[in-house]
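Asks: The following block contains the structure, expressed as structure tokens.
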Amino acid sequence: MSDFKDYEKIEKTARIARKSQTGLTYFLLTLWALIVLFPFYWMLLTSVKDYGSYNSEYIPKFFTTSPTIQNYVEAFNAVSLGKYFVNTIIFTAVTTLIMLVITVLSAYAFARLKFKGKDFVFALFLSLMMIPNELVVITNFVTITNWHMRNTYMGLILPSVASVFYIYLLKENFEQVPEELYKAAKVDGTSDLKYLLKVLVPICRPTIVTILILKVIECWNSYVWPRLITDNADYYLVSNGIQQIRENGFGRDNIPAMMAAVVVISVPLIILFLFFHKKIMEGVSRGGTKG
Amino acid sequence: MEKKDFKGWLYLLPAILFLGLFMVYPLIDVVIYSVEEGYNFASQSFFGYGVYNFSYVLHDPFFMQAIKNTFIIVIITVPLSTLIALLISLGLNSIKPLRDLYQTVFFLPYVTNTLAVGLVFMILFKKTAYSDGLINLIINFFGHESIDFIDGPYAAKMFVMCFYTIWIVLPFKILILTSALASVPQTYYNAAKVDGTSKFRIFYKITLPMISPMISYLIITGFIGAFKAYSDEVAIFGTNLNAAGMNTIVGYVYDMLYGNSGGYPSYASAASLILFAIVFTITVINLMVSRKNV
Amino acid sequence: MKVVLENLTKRFPNRNKKIKEDVIAVNKFSFEIPDGKLIGLLGPSGCGKSTTLNMISGLEKPTEGKIFFGDDDVTTVPAEHRGVGLVFQNYALYPHLTVRQNILFPLQNLKGKDKLTKEQMDEKADEAAKLVQIFELMDRKPSELSGGQQQRVAIARALVKMPKILLLDEPLSNLDARLRLQTREELKRIQTKTGITTIFVTHDQEEAMSICDLIVVMKDGLLQQIGKPQDVYDDPKNLFVAKFLGTPAINTFDGEIKDGVLFIGEDAVLKMDGVTDQKVHVGIRPEGFIPDENGPFKCDLKAYEVMGRDSSIISSHDGMTSTQIRAIISSDIHVNTDGGKVSFALKPHKVHIFSKETEERIYLG
């Protein structure tokens, strides 16, 4: 029985192979990390470069010795970046809030209340999940136009407040809460609404936070609908603002100022992400999609 | 009993109201629009019913260009991004120190405004009077001439487009695949190890089959998402995508709405129904293929 | 093949990062497992028995010490080259493969001179399947099998490559009570038939006692006792082993040796020659009591349960440290239950005394 003898040697070679493989893995992961991070670095860098010196750099420099905030001042002055910002905050906050109320109420109805036709309506809701936005956006555009709601907050907000997917997500979560709790509350004479707000919502807080975060990201980045429904710069959201800047702001060539605007627009979500990255990633892997 | 029923509907009322108004009604309406010939938005009148709108759209060279662009983007980015995401996830799964950091960094593009970062990509690739752009400098360094990625040849533009699309969609895929890999129970690997299974065989025979439901989920959602490509294109090439020759089907739909005085909802509807038919067919094929394999 | 463990030690970094000290899962373990026997590694959860098993399989590397298979030092040999079969607690059957494919899996890994033809593999798989009596289930998926059947598949998969040593990690814990009884007999039958040295880990002493040739009792990473099940039961080395083995559990008391006599409370229960005077722990097996109206051990009767062949007398005593005293006697013996008192004489070989400080067994001189 000497077939164990050589393993010391085999193990040694295997160890070297393993080490070099780990090294390669780290190298490739780092490479991709750089590709991911580089655009962020570049926009930050460009945004603090002086306009004159930026344009004189035929070969762009990877750092700057004399950072300036002039571009940021420019960005806020030349276009109403502040206004876009406020618009987006209002749009995001109101949409998310209304969405939350609608979602919680419907999820509760589906999860706990008993009424005729519930299963049918739920099936109908689920089938709506398959309908792409592109199909309905045309009529919504016409509807909002006919209601004279173009270039209003209402026009921006109304079509995006109901989301079947989030209702579904929350309903599933509500159903995981043992029904005994509901029965106990009923016996104690708790009203449905009170049970919902005082028991279910606190228990399901993680899911609700997930939904909130996903919706905020979605709102902050929304571009297509706002672009259709607003052509007055007073109601632009940041995405449209960016597009505006790109098409005709800053005389097209003031790239440092453009980058300053980009930084300002990206920062809120990145800060949100840095604080809640665990939560956000968990939420997205549980139910997010992009595209 | 009556009261109970009433309460359920009351809780559902807001959702039904909004969904009915902004999803169900439009769904019916879009079909009606698509068959109303010669619809005029300003006068709200039309000549009659027929398939002329579909025929118009299908004969529109801009639409055919959009179809071509969309298909190229789909065919390149979906398999490539899934493959890269799989490789990165496998890499992430095999390391311990710094894993969380890498994961967090890789996820960053998900939370960024695609329009905003698209601008940065444009600058990196764009050739201007002052500078050829950073990417071109790298190309020059390797002894090749500068390429105009933004206003130049079709292949160059398509390259930037696909690169950016992959950059944008990877975070989601990496996240899903990393958690799928992590959820494969360790005992399967231990069992295979005790049996002397080679690394490749472990991957091919155990890991891959175990995460295959997630991979097919990613491929299906990836196809759906890529067929709806639009704002990434706007980010790189601006709103006039037809002029850049980089329009997509969704872009075509919106352009149709944007025309003079309310645009051409009929053409837009026809185009969006064609898109829906394509996506639906591809999804059904996808589901059939993955059902067979899983 | 015999297995020898020499000073085997495994330390883990503490999960609570504030505590710098390592957790010692297995502490200086040395024993020898003879060839062809069925051995039970027995202990409460967290005693290091699974870690020991993982080190024998090669899935974990020992911090210190050596492992020998036969005369070969395999301490540094990786798992895949040790030639062991391992059955996991949750079976680890590949859910996407059929039973046949699962059993074939280890064979398909063989390379070079060991490589088998397809026919040879099929033959071996059939053989293994027949051995564990699952031949008719070969084309099903694991999810279509009952727990007991999955267990058999897992054993077949471990056996098919003719391992030198078969390791089983809590193999019966996921089965219901009836199936557990049946499967453990099955395990014994398979082991006897193949003659493969088999080590299995369990926290269930009854399971270990019933089928093992040898049991190894562990606690907190330390070896407590090794021996034939009946020997360990009859002759426990310390209080822990005495308490851990046997159902119903041993009855324990505070006692004292005075002038060669064991006292429990006021009662002078047994003569104990050659033991110096001291306070002791006393353990009395349930079958060590003889009801005797004039017996020296006087208890308060709590309940009298007749269960067919045997009866239980539940009583209490001032000196007891277990929650109650349970005596098991033949149902033929009539016990007078009037008056709320019961007296016992004791069988000397069923009474063990342990040092108050070390809890080690004190042997009579």
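Chains as they are written, first to last, in our numbering: chain A, 790 to 1080; chain B, 68 to 361; chain C, 6 to 370.
For every residue, glycine included, the Cβ atom is placed at its ideal position computed from N, Cα and C.
Keep in mind it's a predicted model, so treat the numbers as computed, not measured.
On the DSSP letters alone, give me the boundaries of the beta strand (DSSP E) that C/Ile201 sits inside.
Replies: In the third sequence, residue 201 of chain C corresponds to position 196, counting from 1. Counting along the chain, C/Ile201 falls outside any beta strand (DSSP E), and DSSP gives it neither H nor E.
Asks: Please decide whether A/Val1073 counts as near chain B, where near means a Cβ-Cβ distance under 8 Å.
Replies: Numbered from its first residue, the first sequence carries residue 1073 of chain A at position 284. Judged by the 8 Å Cβ criterion, A/Val1073 is in contact with chain B.
Asks: Hey, out of C/Ala213, C/Ile231 and C/Pro147, whose CA is closest to C/Val221's CA?
Replies: For the purposes of this step, residue 221 of chain C is taken as the residue at position 216 of the third sequence. The residue with the shortest Cα to Cα distance from C/Val221 is C/Ile231.
Asks: Nearest-angstrom Cα distance between B/Asn353 and B/Leu342?
Replies: Locating residue 353 of chain B in the second sequence gives position 286, where the first residue counts as 1. Locating residue 342 of chain B in the second sequence gives position 275, where the first residue counts as 1. Answer to the nearest angstrom: the Cα atoms are 16 Å apart.
Asks: At the level of alpha carbons, what is the spacing between B/Leu154 and A/Thr802?
Replies: Indexing the second sequence from 1 puts residue 154 of chain B at position 87. Indexing the first sequence from 1 puts residue 802 of chain A at position 13. B/Leu154 and A/Thr802: Cα-Cα distance of roughly 25 Å.
Asks: Decide if C/Glu35 is buried, meaning its Cβ has at least 16 other Cβ atoms within 10 Å, or exposed.
Replies: In the third sequence, counting from the first residue as 1, residue 35 of chain C sits at position 30. The sequence given here places Ser at residue 35 of chain C; Glu does not occur at that position. So C/Ser35 counts as exposed.
Asks: Can you tell me whether DSSP reads A/Ala951 as helix, strand or coil?
Replies: On the first sequence, residue 951 of chain A is found 162 positions in, with the first residue counted as 1. The answer is coil: DSSP assigns A/Ala951 none of H, G, I, E or B.
Asks: When DSSP builds the beta bridges, which residues end up paired with C/His101?
Replies: Here the question's residue 101 of chain C lines up with position 96 in the third sequence. Paired residue(s): none; C/His101 is not in a bridge.
Asks: So, are the CB atoms of C/Thr81 and A/Glu969 less than 8 Å apart?
Replies: Start at 1 with the first residue of the third sequence, and residue 81 of chain C comes out as number 76. Start at 1 with the first residue of the first sequence, and residue 969 of chain A comes out as number 180. Against a cut-off of 8 Å, the Cβ pair of A/Glu969 and C/Thr81 comes out as no contact.
Asks: Please report whether the beta-carbon of A/Tyr1012 lies at a distance below 8 Å from any beta-carbon of chain B.
Replies: Locating residue 1012 of chain A in the first sequence gives position 223, where the first residue counts as 1. Yes, its Cβ sits closer than 8 Å to a Cβ of chain B.
Asks: Report the rounded CA-to-CA distance for B/Asn307 versus B/Phe129, giving the unit in angstroms.
Replies: What you label residue 307 of chain B is simply residue 240 of the second sequence in a count that begins at 1. What you label residue 129 of chain B is simply residue 62 of the second sequence in a count that begins at 1. Cα to Cα, B/Asn307 sits roughly 12 Å from B/Phe129.
Asks: Can you tell me whether B/Gly289 is buried or exposed, with buried defined as 16 or more other CB within 10 angstroms of its CB?
Replies: Start at 1 with the first residue of the second sequence, and residue 289 of chain B comes out as number 222. Buried, since its Cβ has 16 or more Cβ neighbours within 10 Å.
Asks: Report yes or no: is there a C-beta of chain A within less than 8 Å of the C-beta of C/Pro67?
Replies: In the third sequence, residue 67 of chain C corresponds to position 62, counting from 1. C/Pro67 does not count as touching chain A.
Asks: By alpha-carbon positions, which one of B/Val320, B/Met355 and B/Pro252 ends up nearest to B/Thr137?
Replies: Here residue 137 of chain B refers to the residue found at position 70 when the second sequence is read from its first residue. It is B/Val320.
Asks: Taking only three categories from DSSP, how would you classify A/Asn940?
Replies: Along the first sequence, read from residue 1 onward, the residue named residue 940 of chain A stands at position 151. Correct three-state label for A/Asn940: coil.
Asks: Return yes when the Cβ of C/Val89 is within less than 8 Å of the Cβ of C/Ala5, no when it is not.
Replies: Residue 5 of chain C lies beyond the range of chain C shown here (6 to 370); nothing can be said about it.
Asks: Let me know if B/Gly200 comes out buried or exposed under the rule of 16 or more other beta-carbons within 10 Å of its beta-carbon.
Replies: As a first step, residue 200 of chain B is located in the second sequence; it is residue number 133 there, counting from the start. Its Cβ being crowded by 16 or more others within 10 Å, B/Gly200 is buried.
Asks: Name the chain A residues that come within less than 9 Å of C/Pro83, Cβ to Cβ?
Replies: Sequence index remark: in the third sequence, residue 83 of chain C carries index 78 (1-based). Those within 9 Å of C/Pro83 in chain A are Tyr796, Ile799, Glu800 and Ala803.
Asks: Which of the three DSSP states, helix, strand or coil, is assigned to C/Gly232?
Replies: For the purposes of this step, residue 232 of chain C is taken as the residue at position 227 of the third sequence. If DSSP states are grouped into helix, strand and coil, C/Gly232 belongs with the strands.
Asks: Just checking, does the stretch 183-198 of chain B make contact with the stretch 296-304 of chain B on the three C-beta pairs under 8 Å criterion?
Replies: Judged by Cβ distances under 8 Å, the stretch 183-198 of chain B makes contact with the stretch 296-304 of chain B, as three or more pairs qualify.
Asks: C/Ser42 and C/Val31: beta carbons closer than 8 Å?
Replies: Position 37 of the third sequence, counted from the start, is the residue given in the question as residue 42 of chain C. Position 26 of the third sequence, counted from the start, is the residue given in the question as residue 31 of chain C. As written in the sequence, residue 42 of chain C is Lys, which differs from the Ser given in the question. Not closer than 8 Å, so no.
Asks: Expressed to the nearest angstrom, what Euclidean distance is found between the alpha-carbon atoms of A/Glu846 and A/Gly1030?
Replies: Within the first sequence, the letter at position 57 stands for residue 846 of chain A. Within the first sequence, the letter at position 241 stands for residue 1030 of chain A. Whole-angstrom Cα-Cα distance: 27 Å.
Asks: Measure the Cβ-Cβ separation of A/Ala864 and A/Ala1022 and say whether it is below 8 Å.
Replies: Within the first sequence, residue 864 of chain A is the residue found at index 75, counting from 1. Within the first sequence, residue 1022 of chain A is the residue found at index 233, counting from 1. Against a cut-off of 8 Å, the Cβ pair of A/Ala1022 and A/Ala864 comes out as no contact.
Asks: Looking at the C-beta of A/Lys1079, does it have a partner C-beta in chain B at a distance below 8 Å?
Replies: Here residue 1079 of chain A refers to the residue found at position 290 of the first sequence. The pLDDT assigned to A/Lys1079 is 41, lower than 50, so where the model puts this residue is not dependable, and the model offers no usable value.
Asks: Kindly identify the DSSP beta-bridge partner or partners of C/Cys304.
Replies: Here residue 304 of chain C refers to the residue found at position 299 when the third sequence is read from its first residue. C/Val347.
Asks: Pull up the distance between the alpha-carbon of A/Ile1000 and that of A/Tyr955, whole angstroms please.
Replies: On the first sequence, position 211 is the one that residue 1000 of chain A refers to. On the first sequence, position 166 is the one that residue 955 of chain A refers to. Distance between the alpha carbons of A/Ile1000 and A/Tyr955: 7 Å.
Asks: Whole angstroms are fine: how far does the CA of A/Ser1028 sit from the CA of A/Leu1061?
Replies: The residue given as residue 1061 of chain A occupies position 272 in the first sequence. The residue given as residue 1028 of chain A occupies position 239 in the first sequence. Each residue's Cα considered, the two are about 18 Å apart.
Asks: Using 8 Å as the cut-off, can you tell me whether the stretch 97-110 of chain C makes contact with the stretch 161-171 of chain C, which would need three or more C-beta pairs spanning the two stretches below that distance?
Replies: At 8 Å Cβ cutoff, the stretches touch.
Asks: Could you list which residues in chain B have their beta carbon closer than 8 Å to that of A/His1066, in chain order?
Replies: Residue 1066 of chain A sits at position 277 when you count from the first residue of the first sequence. The contacting residues are Thr171 and Phe174.
Asks: Tell me the DSSP bridge mates of A/Glu846?
Replies: Within the first sequence, residue 846 of chain A is the residue found at index 57, counting from 1. According to DSSP, A/Glu846 bridges with nothing at all.
Asks: Which residues does DSSP pair with C/Gln283 in a beta bridge?
Replies: Numbered from its first residue, the third sequence carries residue 283 of chain C at position 278. According to DSSP, C/Gln283 bridges with C/Ile262.
Asks: I'd like to check one pair, A/Asn860 with A/Pro1045: are the Cβ atoms closer than 8 Å?
Replies: Sequence index remark: in the first sequence, residue 1045 of chain A carries index 256 (1-based). Sequence index remark: in the first sequence, residue 860 of chain A carries index 71 (1-based). Result yes, Cβ atoms of A/Pro1045 and A/Asn860 sit closer than 8 Å.
Asks: Thinking C-alpha only, which one of B/Tyr169, B/Tyr271 and B/Thr315 is nearest B/Tyr256?
Replies: Numbered from its first residue, the second sequence carries residue 256 of chain B at position 189. With distances taken between Cα atoms, B/Tyr256 lies closest to B/Tyr271.
Asks: According to DSSP, simplified to helix, strand and coil, what is B/Gly185?
Replies: As a working mapping, residue 185 of chain B is identified with position 118 in the second sequence. Helix.
Asks: Residues of the stretch 317-342 of chain B with a CB closer than 8 Å to any CB of chain A: list them in chain order, please.
Replies: Result list: Val317, Val320, Tyr321, Leu324, Tyr325, Gly329, Pro332, Ala335, Ser336, Ser339, Leu340 and Leu342.
Asks: If the cut is a Cβ gap below 7 Å, which residues of chain B does C/Phe110 touch?
Replies: Start at 1 with the first residue of the third sequence, and residue 110 of chain C comes out as number 105. Those within 7 Å of C/Phe110 in chain B are Asp262.
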